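Trainee: Going line by line, the protein sequences match chains A, B, C, D and E. Numbering-wise, the numbering used here puts 98 at position 98 of the first sequence, and it's gapless, one number per residue. Throughout, the numbering used here is defined as the position within the second sequence, counted from one, plus 1000. Throughout, the numbering used here is defined as the position within the third sequence, counted from one, plus 2000. Throughout, the numbering used here is defined as the position within the fourth sequence, counted from one, plus 3000. Throughout, the numbering used here is defined as the position within the fifth sequence, counted from one, plus 4000. Think of the CB as a built atom: it goes at the ideal place given N, C-alpha and C, for glycine as much as any other residue. In this text the structure is predicted, and so the values were computed from the model without any measurement.
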Amino acid sequence: MKSGFPLYAALVAGLLVLATTPLYADNYVVRTAAIVAMYGALATSWNFIGGFTGYPSFSTAAFFGLGAYVGAICQRHGIPMGLAWAIATVVVAAFAALLGGIILRLRGHYFAIGSIAVVELCRLVVSSWSTLTGGGDGLNLPLMSWPPEELMRFFLFVMLAILLASLIATILVDRSRLGFGLRCIHQNEDAAAMVGINTTVYKIAAYTLSAMFCATAGAAYASWTGYIDPTDSFQIVMTVKVVVMALLGGAGTILGPALGAAAFVLLEELFWANFLDWNRAILGVVIVLLIFFLPGGLLSLRALRRLRAAKIGGRE
Amino acid sequence: MIEPILRLDGVSKQFGGLAALTDVSFSLNEGEVVGLIGPNGAGKTTLVNVVTGNLRRSSGRILFKSEDVGLQKPYQAARRGLARTFQIVQPFPAMTVLENVTAGALFGAGAGSLGDARDMAMQSLEFVGLDALADRPAANLALAARKRLELAKSLAMNPKVLMLDEVNAGLNSSEIDGALALIRKIAERGVTVLIIEHLMKVVLSLSKRLLVLHHGQLIADGPSAEIVADERVIEAYLGAKFAARLKELNHG
Amino acid sequence: MAIYLQILSNGLMLGALYACLAVGFSLVWGVLNVINMLHGSFIILGGYLTFFAWHLYGIHPVAMLPVVAALMFALGFALQKLVINRVVSAPVLTTLTLTFGLDMILYNAMTYWFTATPRRITLDLGAVQLGSIVLPVDRLVGTGLALAMTLLLYAVMRGSSIGRAIVAVRMDRSAAELMGIRTDRIYAITFGIGALMAGVAGVVFATVFPITTNVTGIWLGKAFVVCVVGGLGSVPGALVGGLVLGLVESFAGHWFGPQQAITAGFVLMLVLLLTRPTGLVGVRGYE
Amino acid sequence: QETIKIGAPLALTGGLADEGHKQDVVWKMWVEKINAGGGIQVGDKKLKVELIEYDYQSEGQRASQLAEKLINDDKVQFLFSPFGSGHTKIVAGVGERYQIPTIACVASSESVYDQTLKYLFGTLSPNGGMTTAMVKFFKEKFPETKSIAVLGRDDVFPKSMAEGIAKAAEAGGLTVAYKELYPVGTMDHAAALSSIKAAKPDWIYITGYTQDLILARKQMQDLGVTAQIVTMVTGPSYKEFTDGLGPLANGISSSSWWHHLTSYEGQGVWPTTAAFYEDFKARTKGDPDYVHGSCAAAGEVIVDALARAGSLDKAKVRDAIAATDIQTFYGPIKFGPNGMNLSRELPIIQVQDQTIKVLAPAEIKNADMIAMP
Amino acid sequence: MAEPMLALEGVTSGYGQIRVLWGMDLVVQPCEIVALVGSNGAGKTTLLRTISGQLAPQAGTIRFNGVPIEGARPDVVLKAGLAHVPEGRRLFRGLTVRDNLMLGAYLRTDRQEIARDLDWVFDLFPILRDRQRQDATTLSGGEQQMCAVGRGIMSRPRLLMIDELSLGLSPRMVEHLSEALLALNRAGQTILLVEQDVMTAFELSHRAYIVESGRVTRSGLSAELARDPTVSEAYLSI
Ligand SMILES: Nc1ncnc2c1ncn2[C@@H]1O[C@H](COP(=O)(O)OP(=O)(O)OP(=O)(O)O)[C@@H](O)[C@H]1O
Ligand SMILES: Nc1ncnc2c1ncn2[C@@H]1O[C@H](COP(=O)(O)OP(=O)(O)OP(=O)(O)O)[C@@H](O)[C@H]1O
Ligand SMILES: [Mg+2]
Ligand SMILES: [Mg+2]
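And the structure:
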């Protein structure tokens, strides 16, 4: 459908810029690159359910946090790091599939609240199940005693790999029957069912996809920081931030969410460093301005025109 | 005798206290074109919704090729070949006309790949005469074109039974002629068609057999000519003046 | 037995406060299709206005009620008219993001000016003893005020043509225009009412809870739960939702310990979402 | 011109903003004072101090990110860790990796220090010092005390205090009549307090952040819940607590790591507690609490260690800090093998007439304990 | 002759870049029923939207009782006495039939008159009285159309514009509605209606305009148009 080449070129260029940071920049820049990659993966994951399917999901932090906890608990039981991440991914994906079977029956606002509630519930359950999770004390993970540069490089590549995996999944889905069906559901779920789309299964697939990479990222993040606790692992703010990133770049586009994540993280960097007391407010102003002047996201300048035309005639 | 392709057996549907359908039984034979008429609020749309699984029947059996499909989901109905159009058209607004129809071919007809589906979709667009608008967003179409899009989408699903809920409403006479020709062509392909319409001209020129719903009950089922002369039907639906006009036309 | 009566009355009083806190949020969500992430900060802003009027000038909170209500209405009205109206027909996600951005600004400004120090109006009116039940006077008054304002709002929504217009605009904006309804004004009025009710909740809360920007998110979360439990966009829904949540938290706290009280509220919400997505008294068609 | 750079990720917005601002005030005060005197003596040079702060918005993820930024971009040689045990763990993890000495001023849970981090040092003494002594002291004052009810916030420090006191109370022969944790974000304690009321304990012990404790105290009053002894940790140690409660604060006891009424003497920019108090009062018009004291002491640790190390070499500085054994206005500082300041007798305080009185230890006591009014 | 109630001159209108109407002229005299007929997409709905203020014309004038109203907000137009029953009914979900009807009278303040008009609408469409507490959008298509027309009547307009009167109505119901409109008209109501069923349109109206591709191609007395062979060939083939 879309011409493939510029897309791949942009993708490869972006990943290269991130991957080569260790060659020319200090550890903090490398770290920022890793964070960009991590949020890129989260936003790209969200895109499956929020962008393609049009379900306003706010579960990202739940999947991220659960991934972190499953990974941490595995590692504390002596399971090697890589395997722990894999287990976290699988467990959380299964959890998302089950959960999706329940809450995807909701639509619109109700789904939005349901998915936020999942984050809160996960936090509450994790913090009261202290025998397994340490409750409010949090969990320590085995400290990795590598030199900081090596460690940083390692996690940069890990996060990049997760990002890449999520992007490849996005491209595959976009070109497949699944992607097409999800877009139909986005447009009109009743009509989608009427042309023969098994909407339940499709939505669960999208929700599960949106959970998997978050879980991997969460587990990797836990190994990286070496300590997790319920409040920091299940943050509503994080959930909303990921959504903002995806919107900023362009929900429903392939590269948009990752691009949005990069732009958002870099803006945040800029404001923290320069405005000690007002950084949050300035970021707020930026969000407001973006909504006004770039409502469809950075990538949607073209799609915008089409959308406008559609909106005028959209009712009947 | 050949087996009916669709059979309803004592189907009822209640909304709270309101009986929208009461004990409705009839069957459609393969390849038949049947009209379904009835006053506003008689339960025609509800009947279609019950057959395609958009609503769950309260009681009774719905048999598609002798299989009880009373509990099916809408997507299952679509895959079985039970297609419908909506009285209030339901396109995928931000997608192009072609993409809309492709969805029908891909999921309803089970096309092997996106490419195949697109080819099938293009054929069905040509069939209904919308091919020129293939790349327009569906939201920008005027009513008539939207109704035809709805038809094209259903056709691309390769249906066995097609239920048309007022696809001709809002069209003017010459457009209706075009639509009639189109529906005839569809029927010629062997598709069973159930037409719901208030335009007697359409119903009468397409179907030899009519079903009449009134207050959720099937009050008549038979050859068209007999039905329009039926006192109860005139009383409930056509109105004296219109019946007179019809008679005049038939004579003249 | 006595303890159950106590827990029951605790729950009811808490529930009335929850209702008051959620009703504006519910209205804005239901009518404007906007999830107003500012709501928690609005409540706290109302609380701060009340606190500082009392702390600096000795003005009694009850006297501040109309003042705060008017100020908050003006703020909400202006915000909607100048900012939110520009994207009000965009999808939920866009408007949510917008209000999230606005909240970051308001939140930051409040922490900067007022600091995060918890403030409290130390009226401490004591308690009345009813048999074995103790009823704190300020909570009683708060409950009364909360109920009165909620019922007043209900009367307005139900009986006035503005109320009908609000629902009409919610359902079909352009058809509402054909009825001669000025939709942008209705939006602004609705958002104003939402902010007003948040302000009222703030006044009531200032005498009962510590006022600090730290809790904006908590109140916002409660508003979510109350809306779902009761039903979105309706005043009676918020009332029922609030009372039910108050009771559930109260009894769950007693039976299963405070650890589980909040969890119980969320579980109730999820169960209701799935079994009765329109809430306990929800209106059809508000999804 | 070479300077000594100290990095501090601070919570200037978000849930911990108040605590963050406290740290900010003291450190700025300390830096000015040091630089006014020409800087810190390192070997034969005097080097000025530069303090670099970033707001981590009370979010753990960001705290570790900023620690990394401070180390890599700003090339700090020391880190001051933020408020609270949880975030201290996060920042200390980063410091450890880069071998940057990290001074924790407000982290007292031993779990922070049992990860054997070599570069983490804490100026607060272990929580344990606050529980056993308190049980003993109260039993002496009110021998008829038989039972205790404990309500704690489910968060690293408040939780460990709640669990610590329950253990100490049992060991001291009291019955624990009620013990529950409440989750972060609780805005109503009525249910728990009603249950406590029914249990009729002699001593009520509640832990949490200031806003939790203000609410809990207010609701105790509303619901008529009281006991002979009511302790809130760390409530009365903070001025905000007494300000917020007014007369309701009277009678509430607590313990603290430091109080400005203590009269320690020692080395550093403030030779006596009184000197620190004067300076602080002049600058902020308020009284300092233990957070202020402990944060200022963290600065003194660095001054002392650099003087002894005589160079900025990482390993040497680290070893010098580990060998710290000084007297300051804040009290003695000597780090144990896990990096935590050694136990000492901690002040037990009580609000009387809306001011803080010290009940113990005997050397600095300025009032006798009273029962709850 | 008296001044026309509604007069359009050279009205050009459309959606953004898309132009739909190309210099339309149209006149409605008091107490007339005027029909607009024309094929799909001809621009009839667009014309009504432009008159009622939902679209601003790109050129031309629209006068209502001599007062220019082009580009005025819908509420101003409605206050002036011009009501528009939209295509596709557009009833308000979540509100009862009665509330929907009452919204028609949103700008009116004469309570007693409103109550009388409501009664009158219920007499006109008795099924609405039976269903007045039902959510309006759960009515059947025909019932909804009645409710929509009733809502238009409730604003007590000087000129009532109805888009797609007979859409989805049974023949009997069309007859019923036609009679109701004629009764209204006899009581002095001016009506401008858009109708696909040309037979019904010509029977019901005094005058008619035929619209094609955004332009008026024919106009005249309905009875004459109905007899015109070129018209009947294009629109009345049965
Ligand atoms: N969801 C619902 N809840 C309650 N009543 C309903 C619902 N859907 C339909 N009805 C009622 O059921 C009856 C039948 O409606 P239906 O839409 O089937 O009529 P119809 O025959 O298609 O009419 P029309 O020709 O006007 O489209 C109507 O009286 C309608 O008000
Ligand atoms: N919102 C819109 N945006 C862009 N074009 C539109 C829009 N609405 C209608 N159009 C176009 O304007 C033209 C006229 O449409 P209009 O709805 O006025 O026709 P109509 O005469 O009412 O037709 P119908 O009998 O089908 O209702 C059509 O070509 C249609 O595609
Ligand atoms: Mg129908
Ligand atoms: Mg039209």
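Does any CB atom of chain E fall closer than 9 Å to the CB of P1039(B)?
Mentor: Answer yes: the Cβ-Cβ gap between P1039(B) and chain E drops below 9 Å somewhere.
Trainee: Would the beta-carbon of T3145(D) fall within 9 Å of that of W3203(D)?
Mentor: A contact, by the Cβ cut-off of 9 Å.
Trainee: For chain E, is any of its Cβ atoms less than 9 Å away from the one on F1092(B)?
Mentor: No - not a single Cβ of chain E is within 9 Å of the one on F1092(B).
Trainee: Please confirm if M2104(C) has its CB atom under 9 Å from at least one CB of chain A.
Mentor: For M2104(C), the answer is yes, since a Cβ of chain A falls inside 9 Å of its Cβ.
Trainee: Give the interface partners of N279(A) over in chain D, defined as CB-CB distance under 7 Å, in chain order.
Mentor: Going along chain D in sequence order, the residues near N279(A) (Cβ under 7 Å) are D3055.
Trainee: Report the three-state DSSP secondary structure of Y3056(D) (helix, strand or coil).
Mentor: Three-state result, Y3056(D): coil.
Trainee: Taking CB distances under 9 Å as the criterion, tell me whether A1103(B) reaches chain A.
Mentor: With 9 Å as the cut-off, A1103(B) counts as an interface residue toward chain A.
Trainee: Where does P1223(B) fall in DSSP's three states?
Mentor: If DSSP states are grouped into helix, strand and coil, P1223(B) belongs with the strands.
Trainee: Say whether chain D places a C-beta atom closer than 9 Å to the C-beta of I35(A).
Mentor: Yes, because at least one Cβ of chain D sits closer than 9 Å to the Cβ of I35(A).
Trainee: Within the continuous beta strand (DSSP E) that includes I317(A), where are the two ends?
Mentor: The structure shown does not extend to residue 317(A), since chain A spans only 1 to 316, so no value can be given for it.
Trainee: I'd like the span of the alpha helix (DSSP H) that includes V2228(C), first residue to last.
Mentor: V2228(C) -> alpha helix (DSSP H) spans T2216 to G2230.
Trainee: Let's test the definition: count the other Cβ atoms within 10 Å of the Cβ of P4068(E) and tell me whether it reaches 16, buried, or not, exposed.
Mentor: With fewer than 16 other Cβ atoms within 10 Å, it is exposed.
Trainee: Can a CB atom of chain A be found closer than 9 Å to the CB of L2280(C)?
Mentor: Chain A, which has no Cβ nearer than 9 Å to the Cβ of L2280(C), makes this no.
Trainee: L1218(B): beta carbon under 8 Å from a heavy atom of ligand 1?
Mentor: No.
Trainee: Where does M2269(C) fall in DSSP's three states?
Mentor: Of the three classes helix, strand and coil, the one that applies to M2269(C) here is helix, per DSSP.
Trainee: Counting beta carbon pairs with one atom in the region 1179-1198 of chain B and one in the region 1026-1044 of chain B, are three or more of them shorter than 8 Å?
Mentor: These segments touch.
Trainee: Using a Cβ-Cβ cut-off of less than 9 Å, give me the residues of the region 4188-4213 of chain E that come near chain B, in sequence order.
Mentor: The residues in question are Q4196, D4197, V4198 and M4199.
Trainee: Should the region 3165-3185 of chain D be regarded as contacting the region 154-169 of chain A, the criterion being three or more beta carbon pairs within less than 8 Å?
Mentor: With a cut-off of 8 Å, the region 154-169 of chain A and the region 3165-3185 of chain D do not count as touching, because too few Cβ pairs lie within range.
Trainee: DSSP three-state label for R315(A), please.
Mentor: With a pLDDT of 29 at R315(A), under the threshold of 50, the modelled position of this residue cannot be trusted; read the value that follows with caution. Residue state, collapsed to three classes: coil.
Trainee: Counting only Cβ-Cβ distances shorter than 7 Å, please list the residues of the region 2171-2194 of chain C near chain E, keeping chain order.
Mentor: Cβ contacts with chain E come from M2171, D2172, S2174, A2175, E2177, L2178, M2179, G2180, I2181 and R2182.
Trainee: State the CB to CB distance for the pair F3137(D) and I3348(D), rounded to an integer number of angstroms; the pair is presumed to be in contact (CB under 8 Å).
Mentor: Right, their Cβ atoms sit about 6 Å apart.
Trainee: Residues around ligand 1, please: the ones whose beta-carbon is closer than 5 Å to some heavy atom of it, in chain order.
Mentor: The filter returns F1015(B), A1020(B), N1040(B), G1041(B), A1042(B), G1043(B), K1044(B), T1045(B), T1046(B), T4138(E), L4139(E), S4140(E), G4141(E) and G4142(E), in chain order.
Trainee: Below 8 Å on C-beta distance, what does V2167(C) contact in chain E?
Mentor: Near V2167(C) (Cβ distances below 8 Å), the residues of chain E are F4092, G4094, L4095 and D4099.
Trainee: Quick check on F1015(B): buried or exposed, where buried means 16 or more other Cβ atoms within 10 Å of its Cβ?
Mentor: The residue is exposed, with fewer than 16 neighbouring Cβ atoms inside 10 Å.
Trainee: Excluding sequence positions up to five away, which residues of its chain have a Cβ less than 7 Å from the Cβ of L4091(E)?
Mentor: Here the set comprises N4100, A4136, T4137, Q4144, C4147 and A4148.
Trainee: Using a beta-carbon distance below 9 Å, is G284(A) in contact with chain B?
Mentor: Cβ-Cβ to chain B under 9 Å: no for G284(A).
Trainee: For E4143(E), return the contacting residues in chain B, with the cut-off set at a CB-CB distance below 7 Å.
Mentor: Going along chain B in sequence order, the residues near E4143(E) (Cβ under 7 Å) are N1040 and G1041.
Trainee: Using the three-state DSSP reduction, which class does W3030(D) fall into: helix, strand or coil?
Mentor: DSSP places W3030(D) in helix when its eight states are reduced to three.
Trainee: Whole angstroms are fine: how far does the CA of C74(A) sit from the CA of A88(A)?
Mentor: Using only the alpha carbons, I get a separation of about 8 Å.
Trainee: Using DSSP's beta-bridge definition, name the partner residues of K3197(D).
Mentor: DSSP output for K3197(D) lists no bridge partner at all.
Trainee: Using 9 Å as the threshold, is the C-beta distance between V3112(D) and G3122(D) below it?
Mentor: Result yes, Cβ atoms of V3112(D) and G3122(D) sit closer than 9 Å.
Trainee: With burial defined as no fewer than 16 other Cβ atoms inside 10 Å of the residue's Cβ, what is the status of A193(A): buried or exposed?
Mentor: Result: buried.
Trainee: Name the two residues that bound the continuous alpha helix (DSSP H) containing L1047(B).
Mentor: From DSSP, the alpha helix (DSSP H) with L1047(B) extends over K1044 to V1051.
Trainee: Measuring only between beta-carbons, confirm whether K4079(E) sits less than 9 Å from chain G.
Mentor: The question asks about chain G, but that chain is absent: this structure's protein chains are A, B, C, D and E.
Trainee: Is the shortest distance between the beta-carbon of Y2107(C) and the beta-carbons of chain A less than 9 Å?
Mentor: So, interface residue.
Trainee: Strictly below 7 Å CB to CB, what residues from chain D border A2116(C)?
Mentor: Neighbours of A2116(C) on chain D, chain order: A3017 and D3018.
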